[in-house]
Amino acid sequence: MRILALDIGTRRTGVAFAECPPGIPFILTTLRHESVRGFLDQVAQLVDVRCIDHIVVGLPLLSSGKEGMQAQRVRSLLSLLALLGVCVSTLDERYSTSRNSSQNPDAVAACMILTVFIDRLDAKSS
Numbered sequence: 002m003r004i005l006a007l008d009i010g011t012r013r014t015g016v017a018f019a020e021c022p023p024g025i026p027f028i029l030t031t032l033r034h035e036s037v038r039g040f041l042d043q044v045a046q047l048v049d050v051r052c053i054d055h056i057v058v059g060l061p062l063l064s065s066g067k068e069g070m071q072a073q074r075v076r077s078l079l080s081l082l083a084l085l086g087v088c089v090s091t092l093d094e095r096y097s098t099s100r101n102s103s104q105n106p107d108a109v110a111a112c113m114i115l116t117v118f119i120d121r122l123d124a125k126s127s
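The sequence shown: position 90 = 91 (the working numbering), numbered continuously.
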């Protein structure tokens with residue numbers, strides 16, 4: 002399975018990638034986009050080039066665990082991502098943004114999301 006993780010922001014989206022097995026995630030890039038269309042076009046290109054089977058999207062819940070405006074915005078994109086023909090799931094991304102990563106914090110957050118997702122896959126299979 003080839004997995005893409007997305008940490009979606011309003012103008013930037015961090016991207017990480019892993020192939021399972023062996024399930025070692027790595028930072029791929031940070032997408033810059035001004036519109037939903039621009040975002041979807043860039044993700045579609047990555048899905049095609051990397052032969053992605055599954056997209057995991059970080060869901061930015063509030064510290065209370067409830068969904069705020071940003072989480073609702075991300076949810077609105079899920080059905081559009083599913084149109085790319087891949088399985089799409091979400092993962093609570095609270096506290097995934099690294100404060101020590103000034104060079105590429107969005108992609109680092111995506112990599113952390115992907116790490117948790119892979120760990121959960123491994124736990125289910127054992």
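Here a beta-carbon is modelled for each residue, glycine too, at the ideal position from N, C-alpha and C.
Residues of its chain near residue i, where Cβ-Cβ distance is below 6 Å and the 5 sequence neighbours each way are ignored
| i | result |
| --- | --- |
| I9 | V75 |
Test item: CB-CB of residue i and residue j under 9 Å
| i | j | result |
| --- | --- | --- |
| L115 | A6 | yes |
| A111 | G59 | yes |
| F40 | L47 | no |
| L81 | V37 | yes |
| C21 | L122 | yes |
| T91 | V57 | yes |
Anticipated Cβ contact below 8 Å, residue i with residue j, distance rounded
| i | j | result |
| --- | --- | --- |
| G15 | V109 | 7 Å |
| I4 | F118 | 7 Å |
| D93 | L63 | Between L63 and D93 the Cβ distance is about 11 Å, and since that is not below 8 Å, they are no contact. |
Contact set for residue i: own chain, Cβ-Cβ below 8 Å, skip 5 residues either direction
| i | result |
| --- | --- |
| E35 | R12 |
| C88 | D54, H55, I56 |
Top-ranked residue by Cα proximity to residue i, from the options
| i | options | result |
| --- | --- | --- |
| F18 | D42, G39, K67, D54 | D54 |
| A72 | V89, C88, A83, R95 | R95 |
| A45 | P26, A83, K67 | A83 |
Buried or exposed (CB count within 10 angstroms, at least 16 for buried), residue i
| i | result |
| --- | --- |
| D49 | exposed |
| D42 | exposed |
| M2 | exposed |
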